[in-house]
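Going by our numbering, the sequence shown opens with residue 2, and the numbers climb by one from there.
All residues carry an ideal CB built from backbone N, CA and C; glycine is no exception.
The model shown is predicted, which means the values in this text are computed figures rather than measured ones.
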Amino acid sequence: MTDFDPGRDAMTTQDPAGGTSRSGERSRAAASRTVAKAPMTLDEAIRIEQQLERGSLDLSLPGTGEIVAEAHRVRLKAELWGADRADDRRRQAKGTVVVVCAFIVITVVGLVACLAVTI
Numbered sequence: 002m003t004d005f006d007p008g009r010d011a012m013t014t015q016d017p018a019g020g021t022s023r024s025g026e027r028s029r030a031a032a033s034r035t036v037a038k039a040p041m042t043l044d045e046a047i048r049i050e051q052q053l054e055r056g057s058l059d060l061s062l063p064g065t066g067e068i069v070a071e072a073h074r075v076r077l078k079a080e081l082w083g084a085d086r087a088d089d090r091r092r093q094a095k096g097t098v099v100v101v102c103a104f105i106v107i108t109v110v111g112l113v114a115c116l117a118v119t120i
């Protein structure tokens with residue numbers, strides 16, 4: 002005698018990838034996996050934007066818009082922070098952030114100390 006579970010048997014379907022699964026769980030899991038991609042370099046981003054300006058990219062193709070947007074982000078980040086980690090702009094920005102944070106911490110500590118002394 003076999004056990005009959007109407008809920009389980011009704012939900013079991015044939016998976017397009019092969020095998021059976023409940024409500025296509027395997028196919029959804031396989032579709033949700035993403036392949037890790039290497040970060041776009043600045044040279045690649047510049048080439049993509051140049052091709053876009055020349056009109057040689059077909060934006061109607063799936064995924065092209067995402068690649069162009071990523072190229073734009075990479076180029077803007079390079080302009081803001083510097084293309085190379087050893088770039089002076091990047092070092093200067095980090096130094097400015099450190100100085101501002103130190104100033105805020107010293108100010109807060111000083112205000113708390115003044116408040117503690119007066120009470």
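- Put simply, the backbone Cα of A94 is about 10 Å away from that of D88.
- When DSSP states are grouped into helix, strand and coil, L62 belongs to the coil group.
- The distance from the Cβ of R76 to that of A46 is about 5 Å, consistent with a contact at the 8 Å cut-off.
- Between the C-alpha atoms of I49 and M41 there is a straight-line separation of about 10 Å.
- Annotated as distal: A39 and L53, with beta-carbon spacing of 9 Å or more.
- Rounded to whole angstroms, the gap between the alpha carbons of I68 and T108 is 45 Å.
- Straight-line measurement puts the Cα of A79 at about 7 Å from the Cα of L43.
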